[in-house]
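What follows is a short report on a single structure.
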Amino acid sequence: MTHPHIRVLVVEDDPVAADAHALYVNRVTGFTTVAKAHSAAEARRALDGAAVDLILLDLHLPDGHGLALARSLRAAGHQADVIAVTSARDLTVVREGVSLGVVQYVLKPFTFATLRDRLVRYAEYRTSTGVATGQDEVDRALSHLRSPAPAALPKGLSAPTLERVTQAVREAAPEGVTAMSTAETVGISRITARRYLEHLVDAGLAERSPQYGQVGRPELIYTWK
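Below is the structure:
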């Protein structure tokens, strides 16, 4: 199936994460990042200067909540759909977003595979055309927005444990964590903890640096970006 050309605005307050999200978008066939914004105000200016079909919107912005931005954009006549990026698990926020053009949610931290899955499904949803002859065709069009299963993590990693490791790293900022301290906090082995921490580094959400001054080999410290 040929996907439409979909122009994306990436809204994310962290410049490093914004660059990573833009690269992810550009790696998916049929999608192009046309602008990046690090605040709600920048997002409004970007929308005034470029045609946008889809907004990849972080909900926690320095100058307001992402849903407030989505609400003001709808009021101003902007019709771009929204994929919300958030670390929040509040289902009240999820329900509110439906009326504001939020078609998908992506929970941080996410992998390229997760975002690619959401974008491909969104593209399939946009290409649903014609007149439905029955309920099943309506259901099929909407089903493109719903993932049948979570996008796969690297073999051996689980989403619940990844969430606990992520929380441990975020709560330890700015000092950071080691594989050993994470293992003790989460209740997993040191080797397993290191696998999850390296996954966060690979996803662009954490960074590692050696801690010197100890006897023996320097220990790696992982800090949230």
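Each step along the sequence shown adds one to the number in this note's numbering, with nothing skipped, and position 74 is 499.
Glycine is no exception: its CB is placed at the ideal position from the N, C-alpha and C atoms.
Cross-strand partners of residue 489 (DSSP beta bridge): 486
Between which residues of its own chain and residue 593 is the CB-CB distance below 7 Å, once the five residues before and five after are set aside? 602, 607, 610, 611
If you compare alpha carbons, which of 434, 510, 605 is closest to residue 617? 605
Residue environment, residue 452, which counts as buried when at least 16 other CB atoms sit within 10 Å: exposed
Buried or exposed, going by whether 16 or more other CB atoms sit within 10 Å of the CB of residue 501? exposed
Helix, strand or coil: which one does DSSP assign to residue 529? strand
Could you please give me the residues that DSSP links to residue 648 through a beta bridge? 632
Are the CB atoms of residue 650 and residue 438 nearer to each other than 8 Å? no
Beta-bridge partners of residue 586, as assigned by DSSP: Bridge partners of residue 586: none, in fact.
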